[in-house]
Amino acid sequence: MRTSFTVSKTVPATAAVVAIPVASDGPVPKEVGLTRAQLTAMGFEGKCCTTMPIAPAPGSKSARVLVGIGAVKDINEATMRNIGAAAARACAKHGSMATTLAGVSRLNKRAAAKVFVEGAALALHRWVNLKNDKSSLPALTKITLVGDSTDTKAGVAEGVAVATAVCTARDHANTPPSHLTATKFAKEAVAIAKKSGLKVTVYDKKQLETMGCGGIVGVNAGSVEPPRVVKLVWAPAGATNKVVLVGKGVMYDSGGISLKPSDAGHASMKMDMSGAAAVLGAMSTLKALKVKTHVTAYLMCTDNLPSGSAMKLGDVLTFRNGKTAEIHNTDAEGRLILADGLSLGAEGKPDAMVDIATLTGACMGALGKKMAGVLGNNQGVVDQLLASSGRTDELLWQLPLFQDYRALLDSNVADMKNVGGPYGGAITASLFLNEFTGGIPWAHLDIAGPMESDSDNGWLNRGATAFGTRLLVDFVVNFKKPVKAPKK
Ligand code: BES
Ligand code: MN
Ligand code: ZN
Numbered sequence: 230m231r232t233s234f235t236v237s238k239t240v241p242a243t244a245a246v247v248a249i250p251v252a253s254d255g256p257v258p259k260e261v262g263l264t265r266a267q268l269t270a271m272g273f274e275g276k277c278c279t280t281m282p283i284a285p286a287p288g289s290k291s292a293r294v295l296v297g298i299g300a301v302k303d304i305n306e307a308t309m310r311n312i313g314a315a316a317a318r319a320c321a322k323h324g325s326m327a328t329t330l331a332g333v334s335r336l337n338k339r340a341a342a343k344v345f346v347e348g349a350a351l352a353l354h355r356w357v358n359l360k361n362d363k364s365s366l367p368a369l370t371k372i373t374l375v376g377d378s379t380d381t382k383a384g385v386a387e388g389v390a391v392a393t394a395v396c397t398a399r400d401h402a403n404t405p406p407s408h409l410t411a412t413k414f415a416k417e418a419v420a421i422a423k424k425s426g427l428k429v430t431v432y433d434k435k436q437l438e439t440m441g442c443g444g445i446v447g448v449n450a451g452s453v454e455p456p457r458v459v460k461l462v463w464a465p466a467g468a469t470n471k472v473v474l475v476g477k478g479v480m481y482d483s484g485g486i487s488l489k490p491s492d493a494g495h496a497s498m499k500m501d502m503s504g505a506a507a508v509l510g511a512m513s514t515l516k517a518l519k520v521k522t523h524v525t526a527y528l529m530c531t532d533n534l535p536s537g538s539a540m541k542l543g544d545v546l547t548f549r550n551g552k553t554a555e556i557h558n559t560d561a562e563g564r565l566i567l568a569d570g571l572s573l574g575a576e577g578k579p580d581a582m583v584d585i586a587t588l589t590g591a592c593m594g595a596l597g598k599k600m601a602g603v604l605g606n607n608q609g610v611v612d613q614l615l616a617s618s619g620r621t622d623e624l625l626w627q628l629p630l631f632q633d634y635r636a637l638l639d640s641n642v643a644d645m646k647n648v649g650g651p652y653g654g655a656i657t658a659s660l661f662l663n664e665f666t667g668g669i670p671w672a673h674l675d676i677a678g679p680m681e682s683d684s685d686n687g688w689l690n691r692g693a694t695a696f697g698t699r700l701l702v703d704f705v706v707n708f709k710k711p712v713k714a715p716k717k
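Our numbering applies: residue 230 is where the sequence shown begins, and numbers increase by one.
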C-alpha cells in the first residue's frame, strides 16, 4: 500500500490540499468563506460523496476541496468509508491531504477513522507493476487525519492493517498467472506469515500425494507447475474459539480438458485464486487487530491446465477424507481442491469453517457482479457472515443448500459426480463441498461475481477487488460459537 496515514490535532500548514466537510443541511463551516446560497448557486449541495474544489484560503498555500457528507445523522460506517474514497479521489493529484472528515459523524472516533482510512487507501490503490508508464498512480500518498489522538490513532492503525491486506490481495489477484505461480504465491505467504506472527507450513506435491489429497493433485495433473497447500495458523494465548478458513487458489483456470473458450472471462482466470488471496490478506491482519480466536487457514494452490497428463473426464479422484468423485467436467475444479482443504480443516474439529472461492459462473448469473453468494449447513455461521457483510459493505446474499438437489450429483461409479447438471449450479457446487465438512458448522462464499470490478467507483478500482478480505477479518474479529445445531 502506497498511502501513509498520520494523525494530527490541527491541520498542518504543509498539506498540499485540505478536504473540508460540508453537510447537506445546517451551517456551512466558517472557514469555507461561502454561504449556503452561494454553494447552491455553484451547484454544490453537500450531498454525500460529492466534491468541489475551491480557492485556497487567503494567505494559505493549501488547495481546498469541499467534500459533501449529506445529513450528519445518516452517516454510518459504509457512508464514512465512501466519504474517505470520495475525498481521496477528489484530492488524488495533490501529494498530501489533511482533513477533519473522519471526525464529523456520530460514529465513535475509532470506527470512523478505521473506515475512512479503508475507503481512502482502497480508492487510491492501482496495480501498475507491469506498466512502463506509471502516470496513472495518484500523486496522493500522505493523508493526515485531524482529530482526537488516542481513538483516532487506534482506528487509523486498524484501517491501515486492513487496507494493506486488501491492497496486497488485489496485487496478488491482478498478477498474471506465469508471474505468480503456486510456488511463488506460497513463498509470498511464508514471508507475510513471518511478518504477521503466523505459523506457516507449505505442503508440496509429494507430501500432498502422501496425505491423500487427491483433489488438488488431480487438478494439478495437467500442469508443469507443481501445486502448493499453505497452512497458516494464528494461535493467540487463551483462545477458546477455533475457526478454519479455506481459500480457492487456482492460479490459472483454463478449464483443463474441458477447455474454456478464449474470451474475456477466460482471460480473467488469473484471478481464480482470489479466495486464497483474500484468506491470506485476512490472516495478515490478525496480530495487528489482536484477534482472540484461533484461526487456521488453508490456501489451496494449483493451475488447472490441459495436457497429456491432465485429469480426464470419467476419471475418479479420492479425496483426503476418503470420499470419491467421478469427473464429468474438468472445469469444475474449484470444488475438487476445496474438498481436500475442507477435509483437512474438519480434522482439527473447529467451531466453524468458512471457504471462499471464485466457484461458479452460475452464482454470478444469479446475483451479478456486486454481491457474493453465501450457503451453509449452519444458519448461525451464515448469520455471522451476513452481519459482517452489513458492517463491511461487502455484499452477500444467501442461497439455499437445498438437499433435494444432492441427487443431481449421484454417480454410477463413485460417491458423487463433480457437476450437477445445467441448473442450480451454485447450489450443487455447495452440496458437493458439504460432503467434506464432516458435520462441522460451515459456510461457503461464492465470489465469482464480485472478484473483479469493471469500473473505478468508490473504494473499488478496475481489476481484482479482493472481495471478502475485509468480510473475513470482520467475521473472525466478531466470531462467536454458532448456537444452532447443523441442519440435517
Ligand atoms: N473459476 C470458475 C468460475 C468462475 C466463472 C469464476 C466466472 C469467476 C468468473 C470455475 O472453476 C468454473 O469454471 N466453474 C464452472 C463450473 C461448471 C463446469 C459446473 C462454471 O461456472 O461454468
Ligand atoms: Mn473452472
Ligand atoms: Zn475455477
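Note that beta-carbon positions come from the ideal geometry of N, C-alpha and C, so glycine has one too. This structure is a prediction, so every number in the text was calculated from the model and none was measured.
Inset, instruction - Please report how far the alpha carbon of residue 727 lies from the alpha carbon of residue 286, in whole angstroms. - result: What the structure shows of the chain is the stretch from 230 to 717, and residue 727 is not part of that stretch, so it cannot be assessed.
Legend entry - Close Cβ partners of residue 282 (< 6 Å) along its chain, the five nearest in sequence each way excluded: Stepping through the sequence shown from its first residue, residue 282 is reached at position 53. By the criterion of a C-beta distance shorter than 6 Å, residue 282 is surrounded in its chain by 294, once the five residues flanking it on both sides are discounted.
Legend entry - Ordered list of alpha helix (DSSP H) runs contained in the stretch 502-587, each at least 4 residues: Runs of the alpha helix (DSSP H) inside the stretch 502-587: 503-512, 563-576.
Inset, instruction - Decide yes or no for the touch test of the stretch 563-577 against the stretch 627-637: beta carbon pairs closer than 8 Å, at least 3 of them. - result: Cβ pair count under 8 Å is below three, so no.
Inset, instruction - Tell me whether residue 677 counts as near ligand 1, meaning its Cβ is closer than 8 Å to at least one heavy atom of that ligand. - result: Mapped onto the sequence shown, residue 677 falls at position 448. Because some heavy atom of ligand 1 lies under 8 Å away, the Cβ of residue 677 counts as near it: yes.
Legend entry - Nearest-angstrom Cβ-Cβ length linking residue 313 and residue 253, presumed shorter than 8 Å: Indexing the sequence shown from 1 puts residue 313 at position 84. Indexing the sequence shown from 1 puts residue 253 at position 24. Between the beta-carbon of residue 313 and that of residue 253 there is about 18 Å, and that puts the pair past the 8 Å contact cut.
Legend entry - Identified DSSP bridge partners for residue 234: Residue mapping note: residue 234 aligns to position 5 of the sequence shown, counting from 1. Beta-bridge pairing links residue 234 to 372.
Inset, instruction - Count the other C-beta atoms from every protein chain shown that fall within 10 angstroms of the C-beta of residue 622, then say buried if there are 16 or more, exposed otherwise. - result: Taking the sequence shown and counting its residues from 1, one reaches residue 622 at position 393. Buried, by the Cβ-count rule.
Inset, instruction - Specify, as a first and last residue, the run of the alpha helix (DSSP H) that residue 319 falls within. - result: Residue numbering aside, residue 319 sits at position 90 when the sequence shown is read from its first letter. Segment 306-319, the alpha helix (DSSP H) holding residue 319.
Legend entry - Contact the stretch 478-487 vs the stretch 673-692: 3+ CB pairs below 8 Å: Counting Cβ pairs under 8 Å, fewer than three are found: no touch.
Legend entry - Closest by C-alpha distance to residue 535, when choosing among 583, 703, 454: Here residue 535 refers to the residue found at position 306 when the sequence shown is read from its first residue. For the residues 583, 703, 454, the minimum Cα distance to residue 535 belongs to 454.
Inset, instruction - Given a cut-off of 9 Å, decide if residue 315 and residue 198 are closer than it, judged by their beta-carbon atoms. - result: Given that the chain is displayed from residue 230 to residue 717, the structure contains no residue 198 and the question cannot be resolved.
Legend entry - Nearest neighbour of residue 280, chosen from 500, 320, 242 [CA to CA]: Taking the sequence shown and counting its residues from 1, one reaches residue 280 at position 51. Residue 320 is the option with its Cα nearest to residue 280.
Legend entry - Secondary structure of residue 326, DSSP reduced to three states: Against the sequence shown, residue 326 aligns to sequence position 97. Strand at residue 326.
Inset, instruction - Would you mind sorting residue 218 into buried or exposed? The rule is 16 or more other CB atoms within 10 Å of its CB. - result: Only positions 230 to 717 of the chain appear in the structure, and residue 218 is not among them; the question remains open.
Inset, instruction - Give the secondary structure of residue 689 by DSSP, where H, G and I count as helix, E and B as strand, and everything else as coil. - result: As a position in the sequence shown, residue 689 is number 460, starting the count at 1. It is a strand residue.
Inset, instruction - Would you check whether ligand 3 has a heavy atom nearer than 8 Å to the C-beta of residue 587? - result: Along the sequence shown, one-based indexing puts residue 587 at 358. Remark: the shortest separation between the CB of residue 587 and any heavy atom of ligand 3 falls under 8 Å.
Inset, instruction - Check whether the Cβ atoms of residue 350 and residue 317 lie closer than 9 Å to each other. - result: Indexing the sequence shown from 1 puts residue 350 at position 121. Indexing the sequence shown from 1 puts residue 317 at position 88. Their beta carbons are under 9 Å apart, which means residue 350 touches residue 317 by this criterion.
Inset, instruction - Along the alpha helix (DSSP H) that carries residue 445, what are the first and last residues, could you check? - result: The residue given as residue 445 occupies position 216 in the sequence shown. Taken as a continuous stretch (DSSP letters only), the alpha helix (DSSP H) holding residue 445 covers 443-449.
Inset, instruction - Out of 662, 230, 284, point me to the one whose CA is closest to residue 390's CA. - result: By one-based count along the sequence shown, residue 390 stands at place 161. Closest by alpha carbon: 230.
Inset, instruction - Answer yes if the stretch 503-511 comes into contact with the stretch 573-582, meaning at least three C-beta pairs across the two stretches below 8 Å, and no otherwise. - result: As far as the Cβ criterion goes, the stretch 573-582 does not touch the stretch 503-511, which means the pair count is below three.
Inset, instruction - Please specify which runs of the beta strand (DSSP E), each continuous and at least 3 residues long, are wholly inside the stretch 387-456, giving them in chain order. - result: Annotation note: the stretch 387-456 contains the following uninterrupted beta strand (DSSP E) runs of length 3 or greater, listed N- to C-terminal: 428-432.
Inset, instruction - May I ask whether a heavy atom of ligand 1 can be found less than 8 Å away from the beta carbon of residue 403? - result: For the purposes of this step, residue 403 is identified with residue 174 of the sequence shown, where counting begins at 1. Every heavy atom of ligand 1 is 8 Å or more from the Cβ of residue 403, so no.
Legend entry - Beta-carbon spacing of residue 383, residue 339 below 9 Å: For the purposes of this step, residue 383 is taken as the residue at position 154 of the sequence shown. For the purposes of this step, residue 339 is taken as the residue at position 110 of the sequence shown. Taking a C-beta distance under 9 Å as the contact criterion, residue 383 and residue 339 qualify as a contact pair.
Inset, instruction - Give a single yes or no on whether residue 529 has its beta carbon closer than 8 Å to a heavy atom of ligand 3. - result: Taking the first residue of the sequence shown as position 1, residue 529 is located at position 300. Not so, every heavy atom of ligand 3 lies at least 8 Å from the Cβ.
Inset, instruction - Using a threshold of 9 Å, state whether the C-beta atoms of residue 429 and residue 471 are closer than that. - result: Residue mapping note: residue 429 aligns to position 200 of the sequence shown, counting from 1. Residue mapping note: residue 471 aligns to position 242 of the sequence shown, counting from 1. No, these two residues do not count as a Cβ contact at 9 Å.
Inset, instruction - Give a single yes or no on whether residue 220 has its beta carbon closer than 8 Å to a heavy atom of ligand 3. - result: For the chain, the structure presents residues 230 to 717; residue 220 sits outside this window and is missing.
Legend entry - Per-residue burial, residue 537 [other beta carbons within 10 Å of its own, 16 or more giving buried]: Your numbering for residue 537 matches position 308 in the sequence shown. Label assigned to residue 537: exposed.
Legend entry - residue 358: CB within 8 Å of a non-hydrogen atom of ligand 2: Within the sequence shown, numbered from 1, the residue matching residue 358 stands at position 129. Not so, every heavy atom of ligand 2 lies at least 8 Å from the Cβ.
Inset, instruction - Counting only the same chain and skipping the five closest in sequence on each side, list residues whose C-beta sits under 7 Å from that of residue 240. - result: Numbered from its first residue, the sequence shown carries residue 240 at position 11. Closer than 7 Å at Cβ, skipping near neighbours: 247, 327, 375.
Inset, instruction - State yes or no: is the C-beta of residue 344 within less than 9 Å of the C-beta of residue 307? - result: Indexing the sequence shown from 1 puts residue 344 at position 115. Indexing the sequence shown from 1 puts residue 307 at position 78. The answer is yes: Cβ separation under 9 Å.
Legend entry - Nearest neighbour of residue 693, chosen from 356, 446, 710 [CA to CA]: Here the question's residue 693 lines up with position 464 in the sequence shown. Closest option to residue 693, Cα to Cα, is 356.
Legend entry - Proximity test, residue 479 beta-carbon vs ligand 3 heavy atom, cut-off 8 Å: Within the sequence shown, numbered from 1, the residue matching residue 479 stands at position 250. Flag set: Cβ of residue 479 near ligand 3.
Inset, instruction - Determine contact between the stretch 518-525 and the stretch 462-470, defined as no fewer than three beta-carbon pairs at a distance below 8 Å. - result: The answer is yes - the stretch 462-470 touches the stretch 518-525, with three or more Cβ pairs under 8 Å.
Inset, instruction - Go through its chain and collect everything with a Cβ distance to residue 445's Cβ below 7 Å, but skip five positions before and after it. - result: Within the sequence shown, numbered from 1, the residue matching residue 445 stands at position 216. Within the same chain, residue 445 has close Cβ partners 437, 456, 458, 529, 531, 566, 569.
Legend entry - Distance cut-off 8 Å: residue 561 Cβ against heavy atoms of ligand 2: To locate residue 561, count along the sequence shown from 1; it is residue 332. Yes; taking the cut-off as 8 Å, the Cβ of residue 561 has a heavy atom of ligand 2 nearer than that.
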